[in-house]
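Trainee:
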Amino acid sequence: MVRQQFTPEQQSVRVLKVGERVRHILSELLSRQEVHDDTLTAHSVSVTEVRMSPDLRNAAVYVKPLLGEDEAVVIKALRVNTAYFQREVAKRLGLKFAPKLNFRGDESFDEAERIERLLNDPKVVRDLNADDA
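Numbering (the UniProt record's numbering), first residue to last: 1 to 133.
#1: Count the other C-beta atoms from every protein chain shown that fall within 10 angstroms of the C-beta of Asp106, then say buried if there are 16 or more, exposed otherwise.
#2: Relative to the alpha-carbon of Pro99, which residue among Lys76, Val13, Ala60 has its alpha-carbon at the smallest distance?
#3: Can you name, in chain order, every residue of its own chain whose Cβ lies under 6 Å from the Cβ of Arg92, other than the five neighbours on each side?
#4: Shortest alpha-carbon distance to Thr82 belongs to which of Met52, Phe103, Ser53?
#5: Looking at C-alpha atoms only, which residue of Leu30, Leu95, Pro122 is the closest neighbour of Leu78?
#6: Give me the DSSP bridge partner(s) of Gly105.
#7: Tell whether a beta-carbon distance below 8 Å holds between Val63 and Val45.
#8: First and last residue of the beta strand (DSSP E) that includes residue 136?
#9: Relative to the C-alpha of Glu69, which residue among Asn58, His43, Val47, Pro122 is closest?
#10: What are the residues that DSSP puts in a beta bridge with Arg51?
#11: For Leu40, does the count of other Cβ atoms within 10 angstroms reach 16, so buried, or fall short, so exposed?
#12: Going by DSSP, what residue range makes up the alpha helix (DSSP H) through Glu88?
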């Protein structure tokens, strides 16, 4: 599933800043292991991107466990602890409404790997070399 791309006109600077702030807060909570969950304590989780809705009430949080192992288990643990994360984000953000967090696996690394494999395919390399000649 490819993420929807927004033009700069569609996302205001404020929405982008709030999304980046939420990403930093969640990254800090996960790196300091402030969540009392065995699964999240056992895995290093990277928050790769946070996409906010224009009204700042919903946030799609894209995460990737380092080394890519047990992604489904980690996402399930994050979803179980969503209330804790939302409470902490609300406390640290200081907005009127706390965004509802929706944790998702980040597939952009898998897509990049797939494209890299395609570009390194012998047939594609041969065609690219033929264009250079």
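Ideal Cβ positions, reconstructed from N, Cα and C, are used throughout, including at glycine.
Treat the numbers as computed from the prediction; the structure is a model and nothing was measured.
Mentor: This is what the structure gives:
#1: Against the sequence shown, residue 106 aligns to sequence position 106. When all chains shown are included, Asp106 counts as buried.
#2: Position 99 of the sequence shown, counted from the first residue, corresponds to residue 99. Of Lys76, Val13, Ala60, the smallest CA-CA separation from Pro99 is found for Ala60.
#3: Numbered from its first residue, the sequence shown carries residue 92 at position 92. Result list for Arg92: Ile25, in chain order.
#4: Looking up residue 82 in the sequence shown gives position 82. That would be Phe103, whose Cα lies nearest to the Cα of Thr82.
#5: In the sequence shown, counting from the first residue as 1, residue 78 sits at position 78. With distances taken between Cα atoms, Leu78 lies closest to Leu30.
#6: Translated into positions along the sequence shown, residue 105 becomes position 105. Gly105 pairs with Val63.
#7: Working through the sequence shown from its first residue, we reach residue 63 at position 63. Working through the sequence shown from its first residue, we reach residue 45 at position 45. Their beta carbons are under 8 Å apart, which means Val63 touches Val45 by this criterion.
#8: The question about residue 136 has no answer, for the chain in this structure spans 1 to 133.
#9: Along the sequence shown, read from residue 1 onward, the residue named residue 69 stands at position 69. With respect to the C-alpha of Glu69, the residue from Asn58, His43, Val47, Pro122 having the closest C-alpha is His43.
#10: Within the sequence shown, numbered from 1, the residue matching residue 51 stands at position 51. Per DSSP, Ala60.
#11: Within the sequence shown, the letter at position 40 stands for residue 40. Buried.
#12: Within the sequence shown, numbered from 1, the residue matching residue 88 stands at position 88. 82-93 is the span of the alpha helix (DSSP H), which, as asked, contains Glu88.
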